[in-house]
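Participant:
In the working numbering, the protein residues as written are 325 to 384.
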């Protein structure tokens, strides 16, 4: 049986104008997951950076 393929662009061909902004709640959930599984703070910062999510700055 043949596999079904979809017409998607490789990540290298996707321009910034084609990316949709990440919802705040989605970003917070991703931050929690990354923080839970990262070995240390440096790894957490690196992984968040790779995802394009900045650190959460708390308002006091």
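Don't be surprised by glycine CBs; every beta carbon is placed ideally from N, CA and C.
Is DSSP giving residue 365 helix, strand or coil here?
Facilitator: Here residue 365 sits in helix by DSSP.
Participant: If you reduce the DSSP assignment to three classes, tell me which class residue 359 lands in.
Facilitator: Residue 359 falls in the helix class under three-state DSSP.
Participant: Hey, out of 342, 355, 365 and 361, whose CA is closest to residue 375's CA?
Facilitator: For residue 375, the nearest C-alpha among the options comes from 355.
Participant: Do you know how far the Cα of residue 366 is from the Cα of residue 360?
Facilitator: Cα to Cα, the separation comes out at about 13 Å.
Participant: Would you identify the three-state DSSP class for residue 347, choosing helix, strand or coil?
Facilitator: Here residue 347 sits in coil by DSSP.
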